[in-house]
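**Q**
There are 2 protein chains.
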Amino acid sequence: MGTEESPPANRTGLTIYDVARAAGVSIASVSRVLNGRANPRRETRERVQRAVAELGFVPDGAARALSNRLKEVVGVVLRRVVGDGMFTDEEENLLFVDLINREVEIAAHGRGFDLLMSSVAVTDRMARPRIAGVAGKCDGLILHDRVLAPSDISRLAMRTSVVTLAGTPTPDSVNVRGDNAGAMRELARHLVVEHGYPTVAYLAGHADSPDNLARAEAFADAAVAAGATCDRDPVWQGNYMAGGGAAAIRAAMAAGRPLPRAIACANDQTALGVMRALAERGLRVPEDVAITGFDDIPAARHLHPPLTTIRQPIRQLGTTAFDVLHRLITGALRPGLEIVLPTTLVLRESCGCDGTKGMP
Amino acid sequence: MGTEESPPANRTGLTIYDVARAAGVSIASVSRVLNGRANPRRETRERVQRAVAELGFVPDGAARALSNRLKEVVGVVLRRVVGDGMFTDEEENLLFVDLINREVEIAAHGRGFDLLMSSVAVTDRMARPRIAGVAGKCDGLILHDRVLAPSDISRLAMRTSVVTLAGTPTPDSVNVRGDNAGAMRELARHLVVEHGYPTVAYLAGHADSPDNLARAEAFADAAVAAGATCDRDPVWQGNYMAGGGAAAIRAAMAAGRPLPRAIACANDQTALGVMRALAERGLRVPEDVAITGFDDIPAARHLHPPLTTIRQPIRQLGTTAFDVLHRLITGALRPGLEIVLPTTLVLRESCGCDGTKGMP
DNA sequence: CTGAAAGCGCTTACAG
DNA sequence: CTGAAAGCGCTTACAG
Chain A
5 MGTEESPPAN RTGLTIYDVA RAAGVSIASV SRVLNGRANP RRETRERVQR AVAELGFVPD
65 GAARALSNRL KEVVGVVLRR VVGDGMFTDE EENLLFVDLI NREVEIAAHG RGFDLLMSSV
125 AVTDRMARPR IAGVAGKCDG LILHDRVLAP SDISRLAMRT SVVTLAGTPT PDSVNVRGDN
185 AGAMRELARH LVVEHGYPTV AYLAGHADSP DNLARAEAFA DAAVAAGATC DRDPVWQGNY
245 MAGGGAAAIR AAMAAGRPLP RAIACANDQT ALGVMRALAE RGLRVPEDVA ITGFDDIPAA
305 RHLHPPLTTI RQPIRQLGTT AFDVLHRLIT GALRPGLEIV LPTTLVLRES CGCDGTKGMP
Chain B
5 MGTEESPPAN RTGLTIYDVA RAAGVSIASV SRVLNGRANP RRETRERVQR AVAELGFVPD
65 GAARALSNRL KEVVGVVLRR VVGDGMFTDE EENLLFVDLI NREVEIAAHG RGFDLLMSSV
125 AVTDRMARPR IAGVAGKCDG LILHDRVLAP SDISRLAMRT SVVTLAGTPT PDSVNVRGDN
185 AGAMRELARH LVVEHGYPTV AYLAGHADSP DNLARAEAFA DAAVAAGATC DRDPVWQGNY
245 MAGGGAAAIR AAMAAGRPLP RAIACANDQT ALGVMRALAE RGLRVPEDVA ITGFDDIPAA
305 RHLHPPLTTI RQPIRQLGTT AFDVLHRLIT GALRPGLEIV LPTTLVLRES CGCDGTKGMP
């Protein structure tokens, strides 16, 4: 495609010295006008600005960062979603993580920060070194769920500012998450008390996800407390993806296991897979089995029937993650806390409600 | 949420000097083992590695970049998609741009580069300064369609390596795009000759998109050459979004304008909006109006009927964009060329084919 | 208001 | 194989 091994790019490496020479001032003055200081007097300022414009000078970010001890870059690390071959939903929809990242970016721009995005594959044995690599290029890190083991997060957090999203709290980082237990309890009571479903199950997400654990426990406890039977069989283990939800249904039915009257899924993607698998077998939602999700991704309301789910405050989660990280970076906040944002139960039709009035 | 104005973050700013002291060697040796050089002898190497591990040392990327004259970061700038209020498809689906970015990231990781992502809003008057800001933080830039005016791209390309995706060729940058004209001509002939549609129209994308212009021209020319009438009325102006496609249909019908027998849309999103608007009015695709798209985003095959479209080589587009940028950065390639990747006509049902055999 | 100079944390010829 | 030292391109006290 081109000349290999040819001389290095000849993009004239302009520096502040070139600008200073062109403007007939010192580099200190150039730096001052570049940074919008008040002192350079009008005439000096204009000469510098003219030189900058004429030369098309772009200050080197690395040099600025080194001098300022601030890169104005935050790293965002996420798990690369790998389709499981069953459904391509994960690959096609903007998921929870994408939605959060969008908000993070907007918040970051507001403070002059840019986002360094890095994804690690599920099987990535190199996750640790790679994340260390990005850590060196940023002022702080936002780590999505399960990109690093808690002990690694701990270590990393001692050396740089880190905010985890739906992660494990650590003394040196801050975790930002939605309120899992509150909404899950409310959901369990809604299913058992208001709809009167006698048997329920929680279709789990990844076993090593703190959010998943919290949801499972709150749901089961509240369901049992409300008088229902909660099926805790291992078939109800999913993986936060549509394929995992579908597989669980298939496995349960193949085992001749009676389905619970209501299934609360670990997230919306799982619910999506469950609903497809149910439809394939001719089972109706909510008449035969009531289904609920978690997150309220945009696709949730377009399912048939519309999915009852628990809404996470996606915008706030993203904004807060950046905000907290920024405070950590500037030293305005000390780590070691967890920020829990409120969630809300959104009643649509998949739980048995009629979708308009909220109850059958 | 925290103590404002408290002392700056006390994350012990470890440097290579600390590691050197801990290991009892010089900073040169530390640097060498950190960079995997062969020379430090086994014992030295191990002492350094131990010190690095114990201290949890993470080398500063800015300092490395300054010294190496290489940041190992590429910037990706895209237009933030803003829903138009009519449909939320743009906000829910992983679009063409997102799919490309995924591939860019994977390719970048293969070379030890990370991605600095920045989005500019449509109305952003600050696009230029912001992009200059990210340029300073990267070794080179990948610019998606319409983030910068051609003249600005030109200027920027004189100071840093830039690859445009579906942009305007410039002497100092390289443009990577799919073959618009070839596939569009093939599509026009398919519609006019094979299906025998007498009237056609091209529902345009943004007027300032080079891809759009090329598609419009190739389609109209080929359609007319094949003997059809091509409706070039201004109502057929969309905006690459579902809402724009729907609005065009509404406007045409409101004006009492007879719809052409086939409408080739500027991209799949537009086709999606068109199909919805048509369905709302009780018109059938392809029986009443044949519809086609461009891109072949994942959602295309799930439409009813499945969308006939022109597939762009998305993976290759992303990989190539990074690859070319990398060569530009290392000086292995000189700018001033355009790379055109092949596209393919994918016949599904929205054009009138039966979807399985390819023709009615 | 302006400039000379030190320093940010690395890498790498250059000597030894 | 190893270390002392210069240099990467900025910013910012410190003098003037």
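First to last, the protein sequences are chains A and B.
Whatever position you read off the first sequence (first residue = 1), add 4 for the numbering used here.
Whatever position you read off the second sequence (first residue = 1), add 4 for the numbering used here.
Beta carbons: idealized from backbone N, C-alpha and C, even for Gly.
1) Are the beta-carbon atoms belonging to I104 (chain A) and L169 (chain A) less than 8 Å from one another?
2) Three or more beta-carbon pairs under 8 Å between the region 250-261 of chain B and the region 233-241 of chain B, yes or no?
3) Starting from Y206 (chain B), trace the beta strand (DSSP E) in both directions and tell me its first and last residue.
4) If you draw a straight line from the alpha carbon of L332 (chain B) to that of F117 (chain B), how long is it in whole angstroms?
5) Please name the residue in A:N43, A:R54 and A:R189 whose C-alpha comes closest to that of G372 (chain A).
6) From V23 (chain A) to I343 (chain A), what does the alpha carbon distance come to, in whole angstroms?
7) Here's a check: name, in chain order, each residue in its chain whose Cβ is nearer than 6 Å to the Cβ of Y201 (chain B), leaving out the five neighbours to either side.
8) I'd like the ranges of any alpha helix (DSSP H) spanning at least 4 consecutive residues and lying wholly in the region 262-327 of chain A.
9) If we count the other Cβ atoms within 10 Å of its Cβ and call it buried at 16 or more, is N43 (chain B) buried or exposed?
10) Rounded to whole angstroms, what's the CA-CA distance from H210 (chain B) to R181 (chain B)? Just pull it up for me.
11) Please classify H330 (chain A): is it buried, with 16 or more other beta-carbons within 10 angstroms of its beta-carbon, or exposed?
12) I'd like the list of long-range same chain contacts for T348 (chain B), defined as Cβ closer than 6 Å, with 5 residues on each side in sequence excluded.
13) Measure the alpha-carbon distance for D183 (chain A) versus T172 (chain A) and round it to whole angstroms.
14) Identify whether R115 (chain A) lies in helix, strand or coil by the three-state DSSP scheme.
15) Would V126 (chain A) be called buried (16 or more neighbouring beta carbons within 10 Å of its own) or exposed?
16) Identify which residue in A:D176, A:G186, A:S155 and A:L152 has its Cα closest to the Cα of A161 (chain A).
17) Mind checking which residues open and close the beta strand (DSSP E) that includes V180 (chain A)?
18) With 8 Å as the C-beta to C-beta threshold (strictly closer), list the residues of the region 142-162 of chain A near chain B in chain order.
19) Using a C-beta cutoff of 8 Å, does I345 (chain A) count as contacting chain B?
20) Grab me the residues of P63 (chain B)'s own chain with a C-beta within less than 8 Å of its C-beta, minus the 5 sequence neighbours each way, in chain order.
21) Pull up the CB-CB distance for R159 (chain B) and L18 (chain A), whole angstroms please, since I reckon it's below 8 Å.
22) Between the alpha carbons of F326 (chain A) and A336 (chain A), how many angstroms are there, rounded?
23) Could you give the first and the last residue of the continuous beta strand (DSSP E) run that contains V77 (chain B)?
24) Under 9 Å Cβ-Cβ, which residues of chain B neighbour E109 (chain A)?
25) Could you tell me whether the Cβ atoms of Q273 (chain B) and A246 (chain B) are closer together than 8 Å?
26) For a contact meaning CB atoms closer than 8 Å, what does G140 (chain B) contact in chain A?
27) Can you check whether the CB of A66 (chain B) is closer than 8 Å to the CB of A136 (chain A)?
28) In the DSSP assignment, what are the bridge partners of L160 (chain B)?
29) Kindly indicate if chain A contains any beta-carbon less than 8 Å away from that of L18 (chain B).
30) Can you name the residues of chain B whose CB is closer than 8 Å to the CB of A136 (chain A)?
31) Does DSSP put L4 (chain B) in a helix, in a strand, or in coil?
32) Run through DSSP, which three-state label would L351 (chain A) get?
33) Classify T19 (chain B) as helix, strand or coil using the three-state DSSP reduction.
**A** Per the coordinate set shown:
1) One-based indexing of the first sequence puts residue 104 (chain A) at position 100. One-based indexing of the first sequence puts residue 169 (chain A) at position 165. In this structure, L169 (chain A) lies closer than 8 Å to I104 (chain A) by Cβ.
2) Yes, they touch.
3) Counting from one through the second sequence, the residue named residue 206 (chain B) turns up at place 202. That run of the beta strand (DSSP E) goes T203 to L207.
4) For the purposes of this step, residue 332 (chain B) is taken as the residue at position 328 of the second sequence. For the purposes of this step, residue 117 (chain B) is taken as the residue at position 113 of the second sequence. Rounded to whole angstroms, L332 (chain B) to F117 (chain B) spans 14 Å at the Cα level.
5) Outside the displayed range of chain A (5 to 364) lies residue 372 (chain A), so it cannot be described from this structure.
6) For the purposes of this step, residue 23 (chain A) is taken as the residue at position 19 of the first sequence. For the purposes of this step, residue 343 (chain A) is taken as the residue at position 339 of the first sequence. Roughly 47 Å between the two C-alpha positions.
7) Here residue 201 (chain B) refers to the residue found at position 197 when the second sequence is read from its first residue. Excluding sequence neighbours, Y201 (chain B) sits near L195, R265 and A266.
8) Whole alpha helix (DSSP H) segments, 4+ residues: 272-284.
9) Sequence index remark: in the second sequence, residue 43 (chain B) carries index 39 (1-based). Exposed, by the Cβ-count rule.
10) In the second sequence, residue 210 (chain B) corresponds to position 206, counting from 1. In the second sequence, residue 181 (chain B) corresponds to position 177, counting from 1. Each residue's alpha carbon lies about 16 Å from the other.
11) Here the question's residue 330 (chain A) lines up with position 326 in the first sequence. Buried, because 16 or more other Cβ atoms sit within 10 Å of the Cβ of H330 (chain A).
12) The sequence position of residue 348 (chain B) within the second sequence is 344, counting from 1. In chain order, R315 place their CB closer than 6 Å to the CB of T348 (chain B), counting only its own chain and leaving out the 5 sequence neighbours on each side.
13) Within the first sequence, the letter at position 179 stands for residue 183 (chain A). Within the first sequence, the letter at position 168 stands for residue 172 (chain A). Distance between the alpha carbons of D183 (chain A) and T172 (chain A) is about 14 Å.
14) Walking along the first sequence from the start, residue 115 (chain A) turns up at place 111. Under the three-state reduction of DSSP output, R115 (chain A) falls in the coil class, being neither helix nor strand.
15) Reading the first sequence from its first residue, position 122 is the one you call residue 126 (chain A). V126 (chain A) counts as exposed, since fewer than 16 other beta carbons sit within 10 angstroms of its beta carbon.
16) Reading the first sequence from its first residue, position 157 is the one you call residue 161 (chain A). For A161 (chain A), the nearest C-alpha among the options comes from A:D176.
17) As a working mapping, residue 180 (chain A) is identified with position 176 in the first sequence. Residues V178 to G182.
18) Listed by position along the chain: C142, R159, L160 and M162.
19) Within the first sequence, residue 345 (chain A) is the residue found at index 341, counting from 1. According to the sequence displayed, residue 345 (chain A) carries Leu and not Ile. Closer than 8 Å: no.
20) Walking along the second sequence from the start, residue 63 (chain B) turns up at place 59. Excluding its 5 nearest sequence neighbours in each direction, P63 (chain B) has C-beta neighbours in its own chain below 8 Å: I20 and L38, listed in chain order.
21) By 1-based counting over the second sequence, the position of residue 159 (chain B) is 155. By 1-based counting over the first sequence, the position of residue 18 (chain A) is 14. Not really, about 13 Å apart at Cβ, beyond 8 Å.
22) Locating residue 326 (chain A) in the first sequence gives position 322, counting from the first residue. Locating residue 336 (chain A) in the first sequence gives position 332, counting from the first residue. If I take the Cα positions, the gap works out to 13 Å.
23) For the purposes of this step, residue 77 (chain B) is identified with residue 73 of the second sequence, where counting begins at 1. Segment V77 to R83, the beta strand (DSSP E) holding V77 (chain B).
24) Residue 109 (chain A) sits at position 105 when you count from the first residue of the first sequence. What E109 (chain A) touches in chain B: R84, M121, S122 and S123.
25) Position 269 of the second sequence, counting from 1, holds the residue named residue 273 (chain B). Position 242 of the second sequence, counting from 1, holds the residue named residue 246 (chain B). If you check the CB distance, Q273 (chain B) and A246 (chain B) come in under 8 Å.
26) Counting from one through the second sequence, the residue named residue 140 (chain B) turns up at place 136. In chain order: V62, P63, D64, G65 and R68.
27) Taking the first residue of the first sequence as position 1, residue 136 (chain A) is located at position 132. Taking the first residue of the second sequence as position 1, residue 66 (chain B) is located at position 62. The answer is no: Cβ separation not under 8 Å.
28) For the purposes of this step, residue 160 (chain B) is taken as residue 156 along the second sequence, with counting starting at 1. In the DSSP output, where bridge partners are listed per residue, L160 (chain B) has none listed.
29) Walking along the second sequence from the start, residue 18 (chain B) turns up at place 14. Judged by the 8 Å Cβ criterion, L18 (chain B) is in contact with chain A.
30) As a working mapping, residue 136 (chain A) is identified with position 132 in the first sequence. Result: V62.
31) Because chain B in this structure spans residues 5 to 364, residue 4 (chain B) falls outside the shown range and cannot be described.
32) Taking the first residue of the first sequence as 1, we reach residue 351 (chain A) at position 347. Taken through DSSP and simplified to helix, strand or coil, L351 (chain A) comes out as coil.
33) Here residue 19 (chain B) refers to the residue found at position 15 when the second sequence is read from its first residue. Here T19 (chain B) sits in coil by DSSP.
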